[in-house]
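Participant:
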Amino acid sequence: DGGITQSPKYLFRKEGQNVTLSCEQNLNHDAMYWYRQDPGQGLRLIYYSQIVNDFQKGDIAEGYSVSREKKESFPLTVTSAQKNPTAFYLCASSTGTASEKLFFGSGTQLSVL
Amino acid sequence: GNSVTQMEGPVTLSEEAFLTINCTYTATGYPSLFWYVQYPGEGLQLLLKATKADDKGSNKGFEATYRKETTSFHLEKGSVQVSDSAVYFCALRVDYKLSFGAGTTVTVRA
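Heads up: the protein sequence lines correspond to chains P and E, in order. First residue of the first sequence: 8, per this note's numbering; consecutive thereafter. First residue of the second sequence: -10, per this note's numbering; consecutive thereafter.
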């Protein structure tokens, strides 16, 4: 079955540590996105990528980094510069410019120890 | 910039009651409008969409009409079920960016 896989489901970060969230899709989608979900604040766009080897900052990119070396993969690194990383992170993909439909993964809950 | 404003929750209803969740938007250009639903423990799923003014999106008994004159996309369902308990997100899309509202938690009691 085609879809988006996020891992791990739960992740814990120690102070000063970088952690990487995985997002893989086998939908052959060009565009991929990372959102952060906080209670009462909806979804905020962190980074997005329209095509391999290209990515753009979203609304809250500070403290995060991404790469897009392969079409099917868009990992998100939460760096130590992100002072409030505890949140639910959602990855999504779409076919690209002509698409109006996003497919979402099941999310990763990141917590600080 | 683009933004979406949803009515605040939580909303608690009895089964078979009528549900309305208000959504208004601000956008440059001509956005497409969406409703997503998030069931407990799951990711977001597209519920319905409308791509131009006066379009009506519908799915699973839910409906929403794209009203350009009032910049609104209110979600309605005539008779809710316990299984409709979820968080509902209104969203708009311009180019590559999808902007979401804060979400409205709906709880339906038997």
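Every residue, glycine too, gets a C-beta built ideally from N, C-alpha and C.
Among E:30, E:21, E:91 and E:31, which one has its Cα closest to the Cα of residue 37 (chain E)?
Facilitator: Measuring from the Cα of residue 37 (chain E), the nearest candidate turns out to be E:21.
Participant: Counting only beta-carbon separations shorter than 8 Å, does residue 78 (chain E) have a partner in chain P?
Facilitator: Taking Cβ atoms only, chain P reaches closer than 8 Å to residue 78 (chain E), which makes this a yes.
Participant: Going straight from the alpha carbon of residue 5 (chain E) to that of residue 75 (chain E), what length do you get?
Facilitator: Between residue 5 (chain E) and residue 75 (chain E), the C-alpha separation is close to 16 Å.
Participant: List, from N- to C-terminal side, the beta strand (DSSP E) runs of 3 residues or more that fit wholly inside the stretch 25 to 107 of chain P.
Facilitator: List check, beta strand (DSSP E) in window: 26 to 32, 38 to 45, 49 to 58, 61 to 64, 71 to 73, 83 to 85 and 94 to 101.
Participant: Got a sec: is the Cβ-Cβ distance from residue 29 (chain P) to anything in chain E below 8 Å?
Facilitator: It does not; no Cβ of chain E falls within 8 Å.
Participant: Under 8 Å Cβ-Cβ, which residues of chain P neighbour residue 31 (chain E)?
Facilitator: Correct list: 113.
Participant: Step through the CB atoms of chain P and report whether any lies within less than 8 Å of the CB of residue 92 (chain E).
Facilitator: So, interface residue.
Participant: For a contact meaning CB atoms closer than 8 Å, what does residue 97 (chain P) contact in chain E?
Facilitator: Simply 32 and 33.
Participant: CA-CA distance, residue 117 (chain P) and residue 94 (chain E)?
Facilitator: Roughly 22 Å separates the two Cα atoms.
Participant: Report the three-state DSSP secondary structure of residue 71 (chain E) (helix, strand or coil).
Facilitator: Helix at residue 71 (chain E).
Participant: At a CB-CB cut-off below 8 Å, which residues of chain P make contact with residue 86 (chain E)?
Facilitator: In chain order: 52, 55 and 65.
Participant: Kindly indicate if chain P contains any beta-carbon less than 8 Å away from that of residue 51 (chain E).
Facilitator: No, no contact with chain P.
Participant: Can you pull the chain P neighbours of residue 62 (chain E), defined as C-beta to C-beta under 9 Å?
Facilitator: Per Cβ cutoff of 9 Å: no residues; residue 62 (chain E) is ~14 Å from chain P at best.
Participant: Check for me: the beta strand (DSSP E) holding residue 52 (chain E) runs from which residue to which?
Facilitator: That run of the beta strand (DSSP E) goes 51 to 54.
Participant: Start and end of the beta strand (DSSP E) containing residue 14 (chain P)?
Facilitator: Where residue 14 (chain P) is concerned, the enclosing beta strand (DSSP E) stretches over 11 to 14.
Participant: From the DSSP output, which residues share a beta bridge with residue 89 (chain E)?
Facilitator: Residue 89 (chain E) pairs with E:80.
Participant: Determine whether the beta carbon atoms of residue 81 (chain P) and residue 39 (chain P) lie at a separation below 8 Å.
Facilitator: Their beta carbons are under 8 Å apart, which means residue 81 (chain P) touches residue 39 (chain P) by this criterion.
Participant: Take residue 44 (chain E) and list the residues in its own chain whose beta-carbon comes closer than 8 Å to its own, dropping the five residues that flank it on each side.
Facilitator: The residues are 54 and 55.
Participant: Against chain E, does residue 48 (chain P) count as a neighbour if the rule is that its beta carbon must be under 8 Å from one of theirs?
Facilitator: Answer yes: the Cβ-Cβ gap between residue 48 (chain P) and chain E drops below 8 Å somewhere.
Participant: Strictly below 9 Å CB to CB, what residues from chain E border residue 109 (chain P)?
Facilitator: Neighbours of residue 109 (chain P) on chain E, chain order: 23, 25, 33, 35, 80, 82 and 87.
Participant: Can you tell me whether DSSP reads residue 16 (chain E) as helix, strand or coil?
Facilitator: Coil, per DSSP.
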